[in-house]
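Asker: Numbering (the numbering used here), first residue to last: 10 to 256.
Even glycine gets a Cβ: it sits at the ideal position worked out from N, Cα and C.
As the structure is a computational prediction, the values presented were derived from the model and not from experiment.
#1: With a Cβ-Cβ cutoff of 8 Å, do residue 109 and residue 131 count as a contact?
#2: Classify residue 43 as buried or exposed, calling it buried when 16 or more other Cβ atoms lie within 10 Å of its own Cβ.
#3: For the segment 57 to 101, list the beta strand (DSSP E) runs that are entirely contained and at least 3 residues long, ordered along the chain.
#4: Report, in whole angstroms, the separation of the C-beta atoms of residue 188 and residue 180, which I expect to be a contact under 8 Å.
#5: Could you pull the start and end residues of the alpha helix (DSSP H) that residue 145 belongs to?
#6: Please name the residue or residues paired with residue 131 in a DSSP beta bridge.
#7: Is it right to say residue 129 is buried, meaning 16 or more other beta carbons lie within 10 angstroms of its own, or is it exposed?
#8: When the Cα of residue 120 is compared with those of 193, 114, 67, which residue comes out closest?
#9: If contact is defined by three or more beta carbon pairs under 8 Å, each pair taking one atom from either stretch, is the segment 55 to 67 in contact with the segment 156 to 163?
#10: My output table needs one value for residue 34: the three-state DSSP class, helix, strand or coil.
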């Protein structure tokens, strides 16, 4: 948008695949309102506990953090020392781990870290940036949820039309320039369809990629044919490898 219109958008809406700490912070710094789904960290944590067979009594919330020694104390009284930090999606996570021998001799190992054979039990302490906390709170509001609901009709409907109605499920050409041209004409056809739909009757389809030659025989074309029929006028656009034919 900045390249084409020389303007910065006031609002950006994306799906969950684009959500990250860096994206949230960058949008905040550029004064762009960012709307996207928030990851349920609690839900992911519970699922991980269930898969590893960790009982409720030995989940991370039951370990006590000591700020003075920067360590954790497990329910059985063993110390988990600081090991390092890592980036985990929207948070910075600090990792603490117990000694392997402490866990090996623990009578509650089967409920705490049954799968750990080489290392001791670990827990994580997470810190969330102020920008991320603000973003998470905003996405709990009804206004933000209503805005995000509009994403599907704007982003997903064109994709569905291009695939299902136009039959463009894979590109018929090679090379970035040619593929870009084919995608551009598909988008142009869809955009024109929206405009024709407002003016009157609309009927759109993707014709089979065959037509008769001078001898009356059918021959296959290299690209899909996008056709529109509205208000008595017909426009046909065919994409052929490196050039575009109007007829």
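Answerer: Let me spell this out:
#1: Residue 109 is not a Cβ neighbour of residue 131, given a cutoff of 8 Å.
#2: With 16 or more other Cβ atoms within 10 Å, it is buried.
#3: List check, beta strand (DSSP E) in window: 73 to 75, 80 to 82, 88 to 97.
#4: Right, their Cβ atoms sit about 5 Å apart.
#5: Element bounds for residue 145: 139 to 147.
#6: Bridge partners of residue 131: 106.
#7: It counts as buried.
#8: The shortest C-alpha separation from residue 120 is found at 67.
#9: Here the segment 156 to 163 does not lie against the segment 55 to 67, with fewer than 3 beta-carbon pairs under 8 Å apart.
#10: DSSP places residue 34 in helix when its eight states are reduced to three.
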